[in-house]
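Below is one structure; the comments refer to it alone.
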Amino acid sequence: MAARPRVLPRVLVGYIHYPGMLSYFNDWLEAFGAEPTIDVVPTNLATPWGRRRLARHVADVDLVVLLHSVVGDSLTEIRRHGTPLLDRRSPLVAFVSNEVSLPTQPFAEKLEVLASLDAQFVASQLLIDTSRRLYASLDAEVLAMPHALNPHAFRSEVAQASRPIDVGFRGARYLPHVGDDQRNRIIDYFATQRFEPPIVTDVRTNISYGRRRWARFLNRCKATIGAEAGAVEITPDDAILGRTEEALGVGSADLRLRARLRPVHRYFPRSAKNVLRSTAERLAGRTKPAAAPVGTPSVVIGDEKMSGKCLSSRHFDAIGTETCQILLPGRYNDVFVADQHYLALEPDFSNIDDVMARFHDETARSTLVRETRGWALEEHTYAHRVRSLLAHVGLS
Numbered sequence: 015m016a017a018r019p020r021v022l023p024r025v026l027v028g029y030i031h032y033p034g035m036l037s038y039f040n041d042w043l044e045a046f047g048a049e050p051t052i053d054v055v056p057t058n059l060a061t062p063w064g065r066r067r068l069a070r071h072v073a074d075v076d077l078v079v080l081l082h083s084v085v086g087d088s089l090t091e092i093r094r095h096g097t098p099l100l101d102r103r104s105p106l107v108a109f110v111s112n113e114v115s116l117p118t119q120p121f122a123e124k125l126e127v128l129a130s131l132d133a134q135f136v137a138s139q140l141l142i143d144t145s146r147r148l149y150a151s152l153d154a155e156v157l158a159m160p161h162a163l164n165p166h167a168f169r170s171e172v173a174q175a176s177r178p179i180d181v182g183f184r185g186a187r188y189l190p191h192v193g194d195d196q197r198n199r200i201i202d203y204f205a206t207q208r209f210e211p212p213i214v215t216d217v218r219t220n221i222s223y224g225r226r227r228w229a230r231f232l233n234r235c236k237a238t239i240g241a242e243a244g245a246v247e248i249t250p251d252d253a254i255l256g257r258t259e260e261a262l263g264v265g266s267a268d269l270r271l272r273a274r275l276r277p278v279h280r281y282f283p284r285s286a287k288n289v290l291r292s293t294a295e296r297l298a299g300r301t302k303p304a305a306a307p308v309g310t311p312s313v314v315i316g317d318e319k320m321s322g323k324c325l326s327s328r329h330f331d332a333i334g335t336e337t338c339q340i341l342l343p344g345r346y347n348d349v350f351v352a353d354q355h356y357l358a359l360e361p362d363f364s365n366i367d368d369v370m371a372r373f374h375d376e377t378a379r380s381t382l383v384r385e386t387r388g389w390a391l392e393e394h395t396y397a398h399r400v401r402s403l404l405a406h407v408g409l410s
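In my numbering, the protein residues as written are 15 to 410.
Right, dumping it as C-alpha cells:
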C-alpha cells in the first residue's frame, strides 16, 4: 500500500513588490520559497490578485509571515489592505525594516501597525537587547533575525588579481536623522584621500544597483568600505526627530530633499531613482564628496540609549563575492569578529596605514575573504535564518 504523501505546513508569505526594491527583500522571499519543509503561499499585497489571494488563504494556513517590504518604507498597503489578516487562525510573524526614526517614517507608526495586527512574533534586524526594549509595548515575542548570505546571488566570479578596482562603494549617504556620520565619513575619506602606494578607488553615492548589477560591481572590487547600518540611537517615541540637524552635526540639503521625496520615491524605476539622487546632490551644491574631517566626535546620546546599529545585507553580499571589507568597528549583531571577518579601521582613521598594509597583502586578503565566505555558508545563509524561525514557531 502506497504511503500517503506528507502534508507540509502552509505558510502565507506577504510582501510588496515595487521597482528597484532592495535586494534583501527578494533574498528572504526566495529563501522561504526554497524551504522544502513548508508549502509557501506567496502574496503580493501591492496587486489586486495578491490581495484576493490573501483573503482566500489567510484563514487556512499554519503561519503568516509579513516580510520587510510590508512594514518598512511605507505602511500604506498594510493599512489599506491588511484587514483580512485579522481573520487568521494562525500566528503572525512580522519582519520590520528601517528600524530607525525618519521624518517620513516615524517608528511609532510601525508600532501602531504591529499592535493593530496583533502580531505574535516580531523579527528584528537589531541587537536582541535593543529590540526587546524597543517592542516592549507589544504583546509579541521578539526574534533576532539579522541579515544573511544569499550564496546563489552573491558569489565570487572574478579572481582577486583580476579585479580592476581596489576599493569601491555604491550606496546612499545616511540621512541626518540617523544621528550618526560614521558611514558618510568613511565614504568621504576614501573618495578624497590619496594613498601611497596609489590605489584605484570607485566611490559613488548618487547611484544604486539592482541585485545582479550590484553583485557584478562587487566582483570588480578587491575591497569595499562601510560601517554598521542603522541609527546610533532608536526610541519608540521617535525623540531623535525633535533634534535639529545642526545639533546632530550631520546632514545636508540634498539629504533633506531626498527625505521629502521618499514616500513616492520607491515606486520609481531604479534609473529614475539614480537621476533623482544625482539631481538632489547638484541642487545642494555637492558635485563631489567633502573632505572627511578626522576625529569628528560621535553624536552624544543618553546613558539609557538603545543602539539602532546592526548588520546590513550589503555586508553579507560582499562576503559572498569574496570582496574584502574595510569597516569601522562595531558589534555587528555580535556575528562579525574584527580582523577575522573584516579589516577594522578605527573611527579616527589612525590605523589606516596598518589596514592598507594588510589590504595590499594579497595572500592574507585572499585567505580572509575565502575563509569568511566558508564560515557564512556553514552558519549564516538565509536558509539558516528561515529554518531557525520555523523551528522557533514550531513548524519544523
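The beta carbon of each residue, even a glycine, is placed where N, CA and C say it ideally should be.
- In the three-state reduction of the DSSP assignment, Y29 falls in the strand class, which pools E and B.
- Within the segment 44 to 121, the beta strand (DSSP E) runs of at least 3 residues that lie entirely inside it are, in chain order, 53 to 58, 77 to 80 and 106 to 109.
- DSSP places K319 in the coil class of the three-state scheme, outside both helix and strand.
- Contact between C338 and L325 does not hold, since their C-beta atoms are separated by about 17 angstroms, which reaches or exceeds 8 angstroms.
- For A158, the three-state secondary structure derived from DSSP is strand.
- With fewer than 16 other beta carbons inside 10 angstroms of its own, G388 counts as exposed.
- D353 has its alpha-carbon roughly 47 angstroms from the corresponding atom of R102.
- As the crow flies, the alpha-carbon of H374 is around 13 angstroms from that of I179.
- At the C-beta level, V72 and L26 come within 8 angstroms of one another.
- Separation of E155 and L100 (C-alpha to C-alpha, rounded to the nearest whole angstrom) is 18 angstroms.
- Contact annotation: E113 and I30 have beta-carbon atoms that are not nearer than 8 angstroms.
- Bridge pairing for A137: F109 and L157 [DSSP].
- In the structure shown, the three-state DSSP call for Q339 is strand.
- The C-alpha of R70 lies about 26 angstroms from the C-alpha of K124.
- The three-state reading of DSSP puts R226 in helix, counting H, G and I together.
- Excluding its 5 nearest sequence neighbours in each direction, D251 has C-beta neighbours in its own chain below 7 angstroms: A122, listed in chain order.
- Exclusion of the five residues before and after S170 leaves T335 and E336 as the residues of its chain whose Cβ lies within less than 6 angstroms of its Cβ.
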